[in-house]
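Residue numbers (our numbering), protein chains in the order written: chain A, 6 to 321; chain B, 1233 to 1446.
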C-alpha cells in the first residue's frame, strides 16, 4: 500500500460533487441558460447539513437508517475502487463483486426507506428502481469479467502474480494501450455497456429525469421525497459518490494511460471522469427520456454488448 | 488488418442485433443496407494480399446490390404499402435480444467445432456467418409483416455470403455473381408481391394470410 493509493479515496470524497456540477453546467450551456454555479452541490450540502430533519410518524428506524447505510456503503466502495492504473488501498480477488453488492446495498436501503414511508408513489419508484437495476447488474458484472479477460495478458508487474488478476485494481492496471490494440472492439463494447449502466444507475436521461417533478414518471427522485435536512444531504452526497464509482469504472476503461506513476494515471482518469460528466450533460440535453417500456430493452442491449464482448474474448 | 476485420465482424453482429430489436421497418431496412455495405468491404480485406480484380468486382457488386439497390427497392415497397411499424411481433423485442444472445453463443460454439478444409481469415468469420443465418431465420419466423420477412431472407442470404467468403479464394466468381442475380430477382419480385398483397387486403400480415380459403 503506497501513499497515492491512500490519498486517492479521500480526494474522491472531496471531488465527487463536482461531477454533478459539470453535468448541470453542460445542460445549462445547451439550454442557453446561465445555470447554477459549478459548486452548487457543495453549497446545497452545506445548507442541508445546517437544517433539522422532520420524520413522519408512520416511519420506523429503517427510514432513519437508510441514508446512513447508503453513505457508508458508498464510502466503503471507494476504498476498493482503482483510479485506472493507480490501485486501490484494498484489493483482493473478486472485489468487483464486493463493489457491485455495496452498490446493491445502497439501492436496497433506498428502496426500504422509500417503502417504509408507506407512500404509494414511493413504492412505485422503488419497484422501478429494483427492476431496472436487476437488468443493469448483469451488464456491469459481465462487462467487468470481459475487461478482466481482455487485460489478463497485460497485467503490470506489481500485480503480475495471478492473485491480482480478478481484483478491480488488477483488472484496471492491465487495461493498457496494448490491451486496447489487441482487443479493441470488445473493450469498446464493454465501455458502451458500462456507460449505459452508468446512466441507468445514476438515474440520468434516457432512463430517469433527475429534474422531473411528476411523481408518476420519477424513479430515483420519488424515493427520496420524504427525506429532508441532513438525511437528504447524505443521500445527495451518496448519489454523487455513486456517480463517481461507476464513472471511474467507465473512465478507467476508456483512458488507457498506464504510466506506472499513480499520480499521472489518476489525473488521466480524473480528466476522463470530467469528460464523462460532459458527455452525460450532452446526452441529457440532446435525448428525450425513453418510455418506461423501452428502458428494459436498452438495458438488455447493454447486457448483450457485455456478453458479446466476453464471448469474443473467450474464443479469441 | 486483423483488428479491422474483427471490428467489421463485430459491427455485422451488432447490425443483426439491431434488426431484431427494432420495430421501425424503415430503420430495419437501413440496418440491412449497412450490413450489405460492410459485407461488401470484407472480400477486399480477407482475400490474399494483392488485390485481385475478382475481389474488387465482387466487392463492388455486393455493395451496390445489397447496400443500395435492395434497400431502395424495399423502401419503395414500404412507401407503397404505407406501413410504418411492426406492431405486434410474435416474439417481443426484449425477448428477441435474449434469443439473439443465445443464438450467438450457439453460433460461436458450433463454429469452433466445424472442421474446415481451408484456413479462415478470422476465427470469427464462421461464427458470424452462422449467427447471421440464424438471425435471418429467426426474423422470418418471429415477425408478422411480409416486409420484415423479406429482410430476414436477405439477412440469411448475407450469412450464406459471409460463409462463402471463408472460401473466397476457392470459389469461382461466376457462382457468386449468379447468386447475387438470383437474390436480386427474388427481392424485386417480393417487393412487387408485397405491394399487391397490401393493395388487395389492406395489410401485409402474413399470419392473417394463412387463414385465407379459396
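Just so it is clear, CB atoms sit at the ideal spot from N, CA and C, and this is done for glycine as well. Since the model is a prediction, treat every value here as computed from it, not as a measurement.
{"Asked": "Residue-level contact to chain A via CB, residue 1338 (chain B), 8 angstroms cutoff", "Found": "no"}
{"Asked": "Nearest-angstrom Cα separation, counted from residue 1308 (chain B) out to residue 279 (chain A)", "Found": "46 angstroms"}
{"Asked": "Check whether residue 75 (chain A) and residue 111 (chain A) have beta carbons under 8 angstroms apart", "Found": "yes"}
{"Asked": "Under the three-state DSSP convention, the category residue 183 (chain A) falls into", "Found": "helix"}
{"Asked": "Residue closest to residue 18 (chain A), alpha-carbon to alpha-carbon, out of A:33, A:239 and A:122", "Found": "A:239"}
{"Asked": "DSSP-derived helix/strand/coil call for residue 1237 (chain B)", "Found": "helix"}
{"Asked": "Whole-angstrom distance between residue 1269 (chain B) and residue 1237 (chain B), CA atom to CA atom", "Found": "14 angstroms"}
{"Asked": "Proximity to residue 1265 (chain B) [Cα-Cα], best of B:1248, B:1277, B:1286 and B:1255", "Found": "B:1248"}
{"Asked": "Start and end residues, alpha helix (DSSP H) containing residue 128 (chain A)", "Found": "125–156"}
{"Asked": "Endpoints, the alpha helix (DSSP H) within which residue 1294 (chain B) is located", "Found": "1285–1294"}
{"Asked": "Cα-Cα separation between residue 1385 (chain B) and residue 46 (chain A), rounded to whole angstroms", "Found": "55 angstroms"}
{"Asked": "Spatial neighbours of residue 1321 (chain B) in its chain, beta-carbon cut-off 7 angstroms, leaving aside the 5 residues before and after", "Found": "1374, 1375 and 1376"}
{"Asked": "Test: residue 1292 (chain B) CB closer than 8 angstroms to a CB of chain A", "Found": "no"}
{"Asked": "Chain A contact residues for residue 1242 (chain B), given Cβ-Cβ distances below 8 angstroms", "Found": "190, 191, 194, 313 and 317"}
{"Asked": "Under the three-state DSSP convention, the category residue 213 (chain A) falls into", "Found": "coil"}
{"Asked": "Whether residue 2 (chain A) touches residue 1262 (chain B) by CB criterion (8 angstroms)", "Found": "Past the edges of chain A, shown from 6 to 321, lies residue 2 (chain A), and the structure says nothing about it."}
{"Asked": "Residue 215 (chain A) to residue 1260 (chain B) span [Cα, whole Å]", "Found": "32 angstroms"}
{"Asked": "Coarse secondary structure for residue 164 (chain A), derived from DSSP in three states", "Found": "Annotation note: pLDDT 47 at residue 164 (chain A) (below 50); position unreliable, coordinate value reported separately. Correct three-state label for residue 164 (chain A): helix."}
{"Asked": "Continuous alpha helix (DSSP H) assignments of at least 4 residues falling wholly in the region 32–61 of chain A", "Found": "45–54"}
{"Asked": "Contact under 8 angstroms by Cβ, residue 117 (chain A) with residue 149 (chain A)", "Found": "no"}
{"Asked": "Distance, residue 273 (chain A) Cα to residue 80 (chain A) Cα", "Found": "22 angstroms"}
{"Asked": "When B:1330, B:1274 and B:1425 are compared against residue 143 (chain A), the one with the closest alpha-carbon", "Found": "B:1330"}
{"Asked": "Same chain, Cβ closer than 6 angstroms to residue 1359 (chain B), neighbours up to 5 away in sequence not counted", "Found": "1339, 1340 and 1343"}
{"Asked": "is_contact[residue 1367 (chain B), chain A] using C-beta, thresh 8 angstroms", "Found": "no"}
{"Asked": "Option in A:308, A:33 and A:88 with minimal Cα separation from residue 199 (chain A)", "Found": "A:308"}
{"Asked": "Contacting positions in the region 1375–1401 of chain B - beta carbon closer than 7 angstroms to chain A", "Found": "none"}
{"Asked": "Segment limits, alpha helix (DSSP H) that includes residue 1439 (chain B)", "Found": "1438–1441"}
{"Asked": "Proximity winner among A:282, A:123 and A:269, relative to residue 204 (chain A) (alpha-carbon distances)", "Found": "A:282"}
{"Asked": "Beta bridge counterpart(s) of residue 1377 (chain B) as assigned by DSSP", "Found": "B:1437"}
{"Asked": "Residues bridged to residue 1298 (chain B) (per DSSP)", "Found": "DSSP output for residue 1298 (chain B) lists no bridge partner at all."}
{"Asked": "Inter-residue Cα distance where the pair is residue 1251 (chain B) and residue 1387 (chain B)", "Found": "9 angstroms"}
{"Asked": "Nearest candidate by alpha-carbon position, reference residue 104 (chain A), set A:268, A:197, A:246 and A:313", "Found": "A:246"}
{"Asked": "Whole-angstrom distance between residue 155 (chain A) and residue 61 (chain A), CA atom to CA atom", "Found": "51 angstroms"}
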